[in-house]
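Quick note, the working numbering runs 1185 ahead of the 1-based positions in the sequence shown.
A short worksheet on the structure shown next.
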Amino acid sequence: MATMITAECINCGACEPECPNNAISQGDPVYVIDPILCTECVGFHDYEACAAVCPVDCCVTDPNNVETEEVLIARARSLHQDVDFGESFQSRFRKAQPEEGAAVTAATQKASTKAATVAVPTEQKAPPPPKPAAAPVAAKPAPPQAVQKPAPQVKNESKPKKTFPNELPVSFEEISNQYRSSGSLAKGLGKFLVLFLQPVLGALPHQTKKQLEVAVQSPFFSAAGSTGLNILHNAVLYPLVCMGVAIILHGPEVLFSQDINMYIFIGILLAVAEGVYRLKDGIFRVKPAEEMTFPASVYGVALGIILQPVLERQTGMIRDVPIPVDGFYSKGFVEKLERERRYGNVYTVEDRGGAFLLQMEFPRWVPDIGLPSRSQLPDEMPDYDYDLALKNGQFIVKGKLTDERVRKISSSVGAFPPEFTTVIPLQERVLGFAHHFANKLLQVFLLKDKGSHGERIYR
């Protein structure tokens, strides 16, 4: 058994149902893998299923207990005697064989080339024949390189042209032009109120302010600007609150005594301390404003809970992008978000009146897994193939990594499934959809069923 579960396991249970051998069970304190039952998924998959679904990458290789493919497939045949694995069974060990064969072929070609070049000086009487012989040998490596380069371009061009059942006979751009606004905050009185109330709305949690920033679509409102105005607002509000406390404790006459100065000073001190904490990313970590996280004020969380139902209706945002690691900033934060993309979890759903707008981010970067072959892989993730389906009041997105060079590493690194399926429940009946895919972003307009009028226009 070359797979083990480390102490970083969070007991999510995602790996247990994926094991084809029932080798994973709940242990104390974390899940464990039975070495007698584990076959590293040899015979069933070309990757390790537990490592593929683990959200914290704790299904790793055990360096003290490594087994060969022959031992693992023999165990699989013993455990599943009713299954005929044959000789072409799936195994992550076999993915490296084509490259090894290619390397042997390349080495053979190089050796033959060297032999030809050595033979040229020995046969000085006939110099012309070696030259024609050398030309074809040199020309052979060129065609594969020329064929490999345009291949990704053809794939990238073909993806936006895919069509699926229930897809509307109108273009994505046409529907996008028809359903521009995501809510009443993008115009009119709603937009004016948001801009006017910035000093108060700046107290809200960071994600709520970013949601408002997208909904308002104005250069005069931003999470950073509203937070700054709220800090100034609190520099006045907190001393006034402290003065109110002083009146409750000592009576109105305290306003005309020297004691009130202490309460005013306490209020200013609280406002400054809170402001420094809320701007800590910029003060202590020297981050630009667009990368900073602006926490809520003392009363901002309660205000956010009160306003959240109203904001959801006005902005049209039904589902926002999840935060993989709240408050954590480093290279690891980006990796966690990228991991969520590989699971199909980074998407938003927006209500635009007569249609829903789904925007899903596909994986952008190949994981840095520290393998020797990593330098031979691209940094940018190749485009996934995808399928879309509208079924039983749900919209289903399936993504599949087709590049074999990158796909083969999914069996060597955790939290890197070669494919994902995301099921998105819909709040209203949908007639059909139109989609667009470019730059690792899938956008889908799901047209709501507004009766026979909608069917007459779009069907």
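Beta carbons: idealized from backbone N, C-alpha and C, even for Gly.
These figures come from a predicted structure and were not determined experimentally.
Requested in this report: Going by CA-CA distance only, name the one from E1193, V1227, E1476, D1267 that's closest to S1407.
Outcome: Against the sequence shown, residue 1407 aligns to sequence position 222. Measuring from the Cα of S1407, the nearest candidate turns out to be E1476.
Query raised in the report: So what's V1582 in DSSP terms, helix, strand or just coil?
Result: For the purposes of this step, residue 1582 is taken as the residue at position 397 of the sequence shown. Three-state result, V1582: strand.
Requested in this report: Kindly indicate which three-state DSSP category I1221 falls into: helix, strand or coil?
Outcome: In the sequence shown, the residue the question calls residue 1221 occupies position 36. Coil at I1221, not helix or strand.
Requested in this report: Please list the segments of the alpha helix (DSSP H) lying wholly inside the stretch 1188-1270, counting only runs of 4 or more residues, in order along the chain.
Outcome: 1234-1238, 1254-1264
Query raised in the report: In whole angstroms, what is the alpha-carbon distance linking E1479 and S1560?
Result: Numbered from 1 along the sequence shown, position 294 holds the residue referred to as residue 1479. Numbered from 1 along the sequence shown, position 375 holds the residue referred to as residue 1560. A small fix is needed here, since residue 1479 is Phe in this sequence, not Glu. Going from the Cα of F1479 to the Cα of S1560 covers about 38 Å.
Query raised in the report: Nearest to P1567 by CA position, among G1539, A1540, P1603, is which residue?
Result: Indexing the sequence shown from 1 puts residue 1567 at position 382. Closest option to P1567, Cα to Cα, is P1603.
Report task. Grab me the residues of D1634's own chain with a C-beta within less than 6 Å of its C-beta, minus the 5 sequence neighbours each way, in chain order. Result -> The residue given as residue 1634 occupies position 449 in the sequence shown. Closer than 6 Å at Cβ, skipping near neighbours: R1614, L1616.
**Report entry** Segments assigned alpha helix (DSSP H), at least 4 residues, entirely inside the stretch 1588-1632
**Finding:** 1589-1592
Query - C-beta contact flag for P1205 and F1229 at 8 Å - result: The count along the sequence shown starts at 1 and reaches residue 1205 at position 20. The count along the sequence shown starts at 1 and reaches residue 1229 at position 44. Yes, these two residues count as a Cβ contact at 8 Å.
Query raised in the report: For Q1383, which three-state DSSP category applies?
Result: By one-based count along the sequence shown, residue 1383 stands at place 198. Residue state, collapsed to three classes: helix.
Query raised in the report: In three-state DSSP terms, what is D1572?
Result: Residue 1572 sits at position 387 when you count from the first residue of the sequence shown. Residue state, collapsed to three classes: strand.
Query raised in the report: Residues bridged to Q1544 by DSSP?
Result: The residue given as residue 1544 occupies position 359 in the sequence shown. Paired residues: T1533, Q1628.
Query - Local Cβ density within 10 Å of D1564, reported as buried at 16 or more and exposed below that - result: Locating residue 1564 in the sequence shown gives position 379, where the first residue counts as 1. The residue in question, D1564, is exposed, as its Cβ has fewer than 16 Cβ neighbours within 10 Å.
Report task. Would you please state the rounded distance, in angstroms, between the beta carbons of G1529 and T1607? I believe it to be under 8 Å. Result -> Working through the sequence shown from its first residue, we reach residue 1529 at position 344. Working through the sequence shown from its first residue, we reach residue 1607 at position 422. With 8 Å as the limit, G1529 and T1607 qualify as a contact, their Cβ atoms being about 4 Å apart.
Requested in this report: Could you work out which residue in E1438, V1421, V1430, G1467 is closest to L1454 when comparing CA atoms only?
Outcome: Position 269 of the sequence shown, counting from 1, holds the residue named residue 1454. Considering only alpha carbons, the answer is V1421.
Query raised in the report: Grouping DSSP H, G and I as helix and E and B as strand, with all else coil, what is E1272?
Result: Position 87 of the sequence shown, counting from 1, holds the residue named residue 1272. It is coil, neither helix nor strand.
Report task. Measure from the alpha carbon of L1571 to the alpha carbon of each residue in L1522, G1538, Q1628, G1578, then state which is nearest. Result -> The sequence position of residue 1571 within the sequence shown is 386, counting from 1. It is worth fixing the name first, because residue 1571 is Tyr in this sequence and not Leu. That would be Q1628, whose Cα lies nearest to the Cα of Y1571.
Query raised in the report: Excluding sequence positions up to five away, which residues of its chain have a Cβ less than 6 Å from the Cβ of A1669?
Result: Outside the modelled stretch of the chain, which goes from 1186 to 1644, sits residue 1669, for which no answer is possible.
**Report entry** Beta-carbon contacts of R1592 that lie in its chain and below 7 Å, excluding the five residues immediately before and after
**Finding:** In the sequence shown, the residue the question calls residue 1592 occupies position 407. Within the same chain, R1592 has close Cβ partners L1586, P1603.
Query - Nearest-angstrom Cβ-Cβ length linking R1524 and R1549, presumed shorter than 8 Å - result: The sequence position of residue 1524 within the sequence shown is 339, counting from 1. The sequence position of residue 1549 within the sequence shown is 364, counting from 1. That belief does not hold up - the Cβ atoms of R1524 and R1549 are roughly 12 Å apart, past 8 Å.
Query raised in the report: How about the stretch 1351-1359 and the stretch 1442-1459: do they share at least three Cβ pairs that are nearer than 8 Å?
Result: no
Query raised in the report: Taking buried to mean at least 16 other C-beta atoms within 10 Å of its own C-beta, is D1536 buried or exposed?
Result: In the sequence shown, the residue the question calls residue 1536 occupies position 351. Under this definition D1536 is a buried residue.
Query raised in the report: Can you round the beta-carbon distance between Q1392 and G1410 to whole angstroms, since I take them to be within the 8 Å contact cut?
Result: Taking the first residue of the sequence shown as position 1, residue 1392 is located at position 207. Taking the first residue of the sequence shown as position 1, residue 1410 is located at position 225. Their Cβ separation, rounded to whole angstroms, is 16 Å, which puts Q1392 and G1410 out of contact at 8 Å.
Requested in this report: Spell out the partners DSSP gives E1523 in its beta bridges.
Outcome: For the purposes of this step, residue 1523 is taken as residue 338 along the sequence shown, with counting starting at 1. Bridge partners of E1523: none, in fact.
Query raised in the report: Exposed or buried, which one is E1255 when buried takes at least 16 other CB atoms within 10 Å?
Result: As a working note, residue 1255 is residue 70 in the sequence shown. E1255 is exposed by the Cβ-count criterion.
Query - Proximity of S1403 and L1386 at Cβ, strictly below 8 Å - result: Taking the first residue of the sequence shown as 1, we reach residue 1403 at position 218. Taking the first residue of the sequence shown as 1, we reach residue 1386 at position 201. No; because the gap between Cβ atoms is not below 8 Å, this pair is not in contact.
Query raised in the report: Nearest-angstrom Cα distance between T1533 and E1459?
Result: For the purposes of this step, residue 1533 is taken as residue 348 along the sequence shown, with counting starting at 1. For the purposes of this step, residue 1459 is taken as residue 274 along the sequence shown, with counting starting at 1. Computed Cα separation, rounded: 32 Å.
Query - Nearest residue (CA-CA) to D1269, options L1417, I1258, L1425 - result: The residue you call residue 1269 lines up with position 84 of the sequence shown. Comparing Cα positions, the closest option is I1258.
Query raised in the report: Alpha carbon to alpha carbon, how far is N1362 from A1623?
Result: Here residue 1362 refers to the residue found at position 177 when the sequence shown is read from its first residue. Here residue 1623 refers to the residue found at position 438 when the sequence shown is read from its first residue. Straight-line Cα distance between these residues: approximately 18 Å.
Requested in this report: Could you please give the first and the last residue of the uninterrupted alpha helix (DSSP H) stretch that includes T1478?
Outcome: Position 293 of the sequence shown holds residue 1478. Run containing T1478: none; DSSP gives neither H nor E here.
Query raised in the report: When the Cα atoms are used, what is the spatial distance from T1348 to F1357?
Result: On the sequence shown, position 163 is the one that residue 1348 refers to. On the sequence shown, position 172 is the one that residue 1357 refers to. The alpha-carbon atoms of T1348 and F1357 are separated by roughly 12 Å.
Report task. Please state if the CB of I1609 and the CB of L1543 are separated by a distance shorter than 8 Å. Result -> In the sequence shown, residue 1543 corresponds to position 358, counting from 1. In the sequence shown, residue 1609 corresponds to position 424, counting from 1. Yes, Cβ-Cβ distance for L1543 and I1609 is below 8 Å.
Query raised in the report: Out of N1250, V1457, P1220, I1209, which has the shortest C-alpha to C-alpha gap to C1239?
Result: Residue mapping note: residue 1239 aligns to position 54 of the sequence shown, counting from 1. Of the candidates N1250, V1457, P1220, I1209, the one whose C-alpha sits nearest the C-alpha of C1239 is I1209.
Report task. Starting from the C-beta of E1225, find all residues in its chain whose C-beta is less than 8 Å away, skip the five residues before and the five after it, and write them out in chain order. Result -> For this step, residue 1225 is matched to residue 40 along the sequence shown. M1186, A1187, T1188, E1233, E1252, L1257, R1277, listed in sequence order.
Report task. Report the option in C1427, V1227, G1375 whose CA atom is closest to the CA atom of R1262. Result -> Mapped onto the sequence shown, residue 1262 falls at position 77. With distances taken between Cα atoms, R1262 lies closest to V1227.
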